[in-house]
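Undergrad: Got a structure for you, questions after.
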Amino acid sequence: EPEVTQTPSHQVTQMGQEVILRCVPISNHLYFYWYRQILGQKVEFLVSFYNNEISEKSEIFDDQFSVERPDGSNFTLKIRSTKLEDSAMYFCASMTGGAHYEQYFGPGTRLTVT
Amino acid sequence: KNEVEQSPQNLTAQEGEFITINCSYSVGISALHWLQQHPGGGIVSLFMLSSGKKKHGRLIATINIQEKHSSLHITASHPRDSAVYICAVRYGNGNQFYFGTGTSLTVIP
Chain A
1 EPEVTQTPSH QVTQMGQEVI LRCVPISNHL YFYWYRQILG QKVEFLVSFY NNEISEKSEI
61 FDDQFSVERP DGSNFTLKIR STKLEDSAMY FCASMTGGAH YEQYFGPGTR LTVT
Chain B
115 KNEVEQSPQN LTAQEGEFIT INCSYSVGIS ALHWLQQHPG GGIVSLFMLS SGKKKHGRLI
175 ATINIQEKHS SLHITASHPR DSAVYICAVR YGNGNQFYFG TGTSLTVIP
């Protein structure tokens with residue numbers, strides 16, 4: 001069964017460093033999402049991406065964040081200058097399309113900023 | 115406006131019990147998503163619904179648009195059902211999902 005994959009599973013970085021989190025969505029899906037979950041807290045929406053552009057973003061998704069789909073298969077989240085409070089689990093999700101379709105989530109990348 | 119509330123926050127049940135988890139939200143949702151988060155952190159989609167009722171195996175999800183409320187039921191609960199169950203909603207034509215804080219379910223053998 002097709003699945004969303006994410007790499008790395010765990011990333012440790014120093015404050016101020018740039019990180020790129022990678023996701024490979026399911027191949028025929030059209031909508032892509034990034035979420036984060038700070039330890040012990042609820043899942044929070046970061047950004048949605050459709051037709052090669054951001055379709056919606058939350059207040060969390062500020063200028064430090066960017067997303068890209070560089071080659072038609074990978075979907076990346078870049079954090080330019082990490083802060084301690086960026087430490088969280090980051091989930092990628094993809095969806096085939098439409099309002100009533102389910103999202104498929106990747107296993108997540110645990111980002112630890114020291 | 116965009117709050118999603120779940121109850122209970124924590125739930126412990128004996129194996130075989132019937133479980134109900136509740137989700138309340140604001141007006142104007144276009145879809146409601148029930149998700150299961152395993153102890154290891156992975157998230158699995160259970161249901162996406164906008165009206166009525168859906169059933170998959172021992173899981174049943176219902177939604178009442180007028181009352182702005184959805185329930186997730188688990189029949190004949192089993193220890194492997196132990197997980198966090200999360201409700202997430204989408205309002206109108208937006209792409210953003212708003213998540214509840216989750217209900218942590220523990221099923222004891």
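As they're listed, the protein sequences go chains A and B. The opening residue of the first sequence carries number 1 in this note's numbering; numbering runs sequentially from there. The opening residue of the second sequence carries number 115 in this note's numbering; numbering runs sequentially from there. By construction, the Cβ of each residue, glycine as well, lies at the ideal position given by its N, Cα and C atoms. Only a predicted model underlies this, so the values are computations on that prediction, with no experimental measurement involved.
For chain A, find out if any of its Cβ atoms is closer than 7 angstroms to the Cβ of N209(B); answer yes or no.
TA: Sequence index remark: in the second sequence, residue 209(B) carries index 95 (1-based). Yes, N209(B) lies at the interface with chain A (some Cβ there is under 7 angstroms from its Cβ).
Undergrad: Please return the same chain residues whose Cβ sits closer than 6 angstroms to the Cβ of I222(B), not counting the five positions on each side in sequence.
TA: Counted from its first residue, the second sequence places residue 222(B) at position 108. Cβ neighbours of I222(B) beyond the five flanking positions: Q128.
Undergrad: I need the straight-line Cα distance from K83(A) to E18(A), nearest angstrom please.
TA: Counted from its first residue, the first sequence places residue 83(A) at position 83. Counted from its first residue, the first sequence places residue 18(A) at position 18. The straight-line gap from Cα to Cα measures roughly 10 angstroms.
Undergrad: Could you have a look at E44(A) and say whether DSSP puts it in helix, strand or coil?
TA: Taking the first sequence and counting its residues from 1, the one referred to as residue 44(A) is at position 44. Three-state result, E44(A): strand.
Undergrad: Relative to the C-alpha of I133(B), which candidate in K167(B), S196(B), R204(B), S165(B) has its C-alpha closest?
TA: Residue numbering aside, residue 133(B) sits at position 19 when the second sequence is read from its first letter. Out of K167(B), S196(B), R204(B), S165(B), S196(B) has the C-alpha closest to the C-alpha of I133(B).
Undergrad: So, helix, strand or coil for E56(A), using DSSP?
TA: For the purposes of this step, residue 56(A) is taken as the residue at position 56 of the first sequence. Three-state DSSP puts E56(A) in a strand.
Undergrad: Under 7 angstroms between the Cβ atoms of Q94(A) and N209(B)?
TA: Against the first sequence, residue 94(A) aligns to sequence position 94. Against the second sequence, residue 209(B) aligns to sequence position 95. It is Ser, not Gln, that sits at residue 94(A) in the sequence shown. Against a cut-off of 7 angstroms, the Cβ pair of N209(B) and S94(A) comes out as no contact.
Undergrad: Does the Cβ of S165(B) have 16 or more other Cβ atoms within 10 Å, making it buried, or fewer, making it exposed?
TA: The residue given as residue 165(B) occupies position 51 in the second sequence. S165(B) comes out exposed.
Undergrad: By alpha-carbon positions, which one of L77(A), E85(A), T96(A) ends up nearest to T109(A)?
TA: The residue you call residue 109(A) lines up with position 109 of the first sequence. T109(A) has its Cα closest to that of L77(A), out of L77(A), E85(A), T96(A).
Undergrad: Is the separation between the beta-carbon of L149(B) and that of I200(B) shorter than 7 angstroms?
TA: Against the second sequence, residue 149(B) aligns to sequence position 35. Against the second sequence, residue 200(B) aligns to sequence position 86. Closer than 7 angstroms, so yes.
Undergrad: Does the beta-carbon of H147(B) have 16 or more other beta-carbons within 10 angstroms, so that it is buried, or is it exposed?
TA: Translated into positions along the second sequence, residue 147(B) becomes position 33. Buried is the call here.
Undergrad: Going by Cα to Cα distance, which pick from H152(B), V198(B), G130(B) is closest to Q236(B)?
TA: Only positions 115 to 223 of chain B appear in this structure, which leaves residue 236(B) out of reach.
Undergrad: Can you look up E181(B) in the DSSP assignment and give me helix, strand or coil?
TA: Against the second sequence, residue 181(B) aligns to sequence position 67. Coil.
Undergrad: Would you mind stating whether Y35(A) and F75(A) have Cβ atoms separated by less than 7 angstroms?
TA: Taking the first sequence and counting its residues from 1, the one referred to as residue 35(A) is at position 35. Taking the first sequence and counting its residues from 1, the one referred to as residue 75(A) is at position 75. Against a cut-off of 7 angstroms, the Cβ pair of F75(A) and Y35(A) comes out as no contact.
Undergrad: Taking C-beta pairs closer than 9 angstroms, name the residues in chain A that I200(B) reaches, listed in chain order.
TA: Taking the second sequence and counting its residues from 1, the one referred to as residue 200(B) is at position 86. Within 9 angstroms Cβ-Cβ: K42, V43.
Undergrad: What does P25(A) reach in chain B if we use C-beta pairs closer than 9 angstroms?
TA: By one-based count along the first sequence, residue 25(A) stands at place 25. None at all; the shortest Cβ gap to chain B is about 14 angstroms.
Undergrad: Rounded to whole angstroms, what's the CA-CA distance from Q37(A) to S184(B)? Just pull it up for me.
TA: To locate residue 37(A), count along the first sequence from 1; it is residue 37. To locate residue 184(B), count along the second sequence from 1; it is residue 70. Q37(A) and S184(B): Cα-Cα distance of roughly 23 angstroms.
Undergrad: Of all the options G155(B), E119(B), T126(B), which has the alpha carbon lying nearest to the alpha carbon of P193(B)?
TA: Working through the second sequence from its first residue, we reach residue 193(B) at position 79. Of the candidates G155(B), E119(B), T126(B), the one whose C-alpha sits nearest the C-alpha of P193(B) is T126(B).
Undergrad: Let me confirm a value: V9(A) is counted as buried when at least 16 other C-beta atoms fall within 10 Å, else exposed. Which label applies?
TA: As a first step, residue 9(A) is located in the first sequence; it is residue number 9 there, counting from the start. Reading off the sequence shown, one finds Ser at residue 9(A), where the question assumed Val. Exposed, since its Cβ has fewer than 16 Cβ neighbours within 10 Å.
Undergrad: I think L21(A) touches Y50(A), with their Cβ atoms under 8 angstroms apart; what is that distance to the nearest whole Å?
TA: Within the first sequence, the letter at position 21 stands for residue 21(A). Within the first sequence, the letter at position 50 stands for residue 50(A). With 8 angstroms as the limit, L21(A) and Y50(A) do not qualify as a contact, their Cβ atoms being about 19 angstroms apart.
Undergrad: Report the rounded CA-to-CA distance for Y104(A) versus S159(B), giving the unit in angstroms.
TA: Against the first sequence, residue 104(A) aligns to sequence position 104. Against the second sequence, residue 159(B) aligns to sequence position 45. So the two alpha carbons sit approximately 7 angstroms from each other.
Undergrad: Roughly how many angstroms lie between the CA atoms of V67(A) and I54(A), to the nearest whole one?
TA: As a first step, residue 67(A) must be located in the first sequence, where it is residue number 67. As a first step, residue 54(A) must be located in the first sequence, where it is residue number 54. Whole-angstrom Cα-Cα distance: 8 angstroms.
Undergrad: Over what stretch of residues does the beta strand (DSSP E) that includes Y33(A) continue unbroken?
TA: The residue you call residue 33(A) lines up with position 33 of the first sequence. Its beta strand (DSSP E) spans residues 31 to 37.
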